[in-house]
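Using the working numbering, the first residue of the sequence shown is number 1, and each one after it goes up by one. In what follows, a single structure is set out as C-alpha cells and then discussed.
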Amino acid sequence: MSIELEDVKYQVAIANRMLAELGLATGVLASLGHASMRVPTQPETFIVKGRGYEIDALAAMRPEHMVRCDLEGYKV
1 MSIELEDVKY
11 QVAIANRMLA
21 ELGLATGVLA
31 SLGHASMRVP
41 TQPETFIVKG
51 RGYEIDALAA
61 MRPEHMVRCD
71 LEGYKV
C-alpha cells in the first residue's frame, strides 16, 4: 500500500474519531454521519469507513477499518 493511501486512511480515521469526540456522531446520530476523503493522486477513488460497525464505533475507528471505493460506491 502506498504511503499516500496509508496517510489518507489515517486522516479519515482521525476525522471519524473527531466527529464522535465532538458529539456530532454518537448514539442514534452515529448512523447519520462519517468522514470521507478522495485520494489525491487517484481522484476517482475515496476512503470511507466500512459498513457493519456497532453504534458509536466511530470513536474507535482505525486506519485499517477504512476502505477505498470508486465514485459509484463500489469497494476497490
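Even glycine gets a Cβ: it sits at the ideal position worked out from N, Cα and C.
Note that the region 32-43 touches the region 7-24; at least 3 beta-carbon pairs, one per stretch, sit closer than 8 angstroms. With fewer than 16 other CB atoms across the displayed protein chains lying within 10 angstroms of its CB, ILE3 is exposed. The residues ALA13, in chain order, have a CB closer than 7 angstroms to that of ARG62 in the same chain once the five nearest residues on each side in sequence are set aside.
Residue state for ARG17 is assigned as helix, using DSSP reduced to three classes. The beta carbon of VAL8 is closer than 6 angstroms to those of MET37, VAL39, ILE47 in its chain, skipping five residues each way along the sequence. In this structure, PRO43 is the residue among PRO43, ALA25, TYR10 with its C-alpha nearest to the C-alpha of CYS69.
For ARG68, the enclosing beta strand (DSSP E) has its first and last residue at 66-70. C-alpha of VAL76 to C-alpha of VAL67: approximately 8 angstroms in a straight line.
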